[in-house]
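Residue numbers (our numbering): 101 to 320. Backbone N, C-alpha and C define an ideal beta-carbon position, used for all residues, glycine too. Quantities reported herein were computed from a predicted structural model and do not represent experimental measurements. First comes the structure, then the notes that go with it.
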């Protein structure tokens, strides 16, 4: 049931669109026909006026001799006025045709050419504004990303390599201290060993003069 209703709605929309298109086309053709007829009738009217003026000029030249020039000028002015009136009527007819076509389009719900042009200008301005806003948004996002990266780097802990390098340096500074302590210990041990050996030598040196003295005193 829903499918049938949708198909009927689509067929109605298509029929309405065809009717609108056909009526607009007929209106356009009728306008072109009216314009062509007005142009043809205007040209025929102008030609008829020119013919009447020529006949009048011939008559005036027969009956008036020297005043024929002024009559010719008058007829020329009349012909020019008629031509201007004919062109003015054509302009009025064209304007009336354009107004009727625009009114018919509005009645059918179709936009006028001026409205379509205005809508095109609005769309172009909107596209330009959206492009500018998109570029500004991208620039703001890039700046925010850089700021976040800088804060992350500033708040991050020190690398592990530096932490491991410090104990190595401490060990390097402790090694000479240990060597110096071992050297002083060795020197103290050597001094301690040298002192007992020096004491017996001193005792022997002290005993030897007494032995010499006793030997010298004996023969006497």
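For residue 312, which residues of its own chain have a beta-carbon under 6 angstroms away from its beta-carbon, when the five flanking residues on both sides are left out? For residue 312, the pLDDT reaches just 44, beneath the cut-off of 50, and the residue's location in the model is therefore unreliable, although a value from the coordinates is still provided. Correct list: empty, nothing qualifies.
From residue 183 to residue 146, what does the alpha carbon distance come to, in whole angstroms? 6 angstroms
Is the CB-CB distance between residue 190 and residue 136 below 8 angstroms? Residue 190 is not a Cβ neighbour of residue 136, given a cutoff of 8 angstroms.
With the cut-off set at 8 angstroms, would you say residue 197 and residue 133 are in Cβ contact? no
Enumerate, from N- to C-terminal direction, the unbroken alpha helix (DSSP H) stretches of 4 or more residues contained entirely within the region 186–255. Taking only runs of at least 4 residues, the alpha helix (DSSP H) segments lying wholly in the region 186–255 are 213–255.
CA-CA distance, residue 70 and residue 201? The structure shown does not extend to residue 70, since the chain is modelled only from 101 through 320, so no value can be given for it.
Can you tell me the Cα-Cα spacing of residue 250 and residue 231, whole angstroms? 29 angstroms
Can you grab the Cα-Cα spacing for the pair residue 220 / residue 192, in whole Å? 30 angstroms
On the criterion of 16 or more Cβ atoms from any shown chain inside 10 Å, does residue 316 qualify as buried, or is it exposed? Here residue 316 scores only 44 on pLDDT, less than 50, and its place in the model should not be relied on; the value that follows carries that caveat. So residue 316 ends up on the exposed side.
Taking the alpha-carbon positions, what's the residue 205 to residue 224 distance? 25 angstroms
Considering only the beta carbon of each residue, do residue 179 and residue 216 sit closer than 8 angstroms? no
Spatial neighbours of residue 203 in its chain, beta-carbon cut-off 7 angstroms, leaving aside the 5 residues before and after: none
Cα-Cα separation, residue 243 to residue 254: 17 angstroms
Using only CA atoms, which one of 141, 176, 247 lies nearest to residue 156? Closest by C-alpha distance to residue 156, out of 141, 176, 247, is 176.
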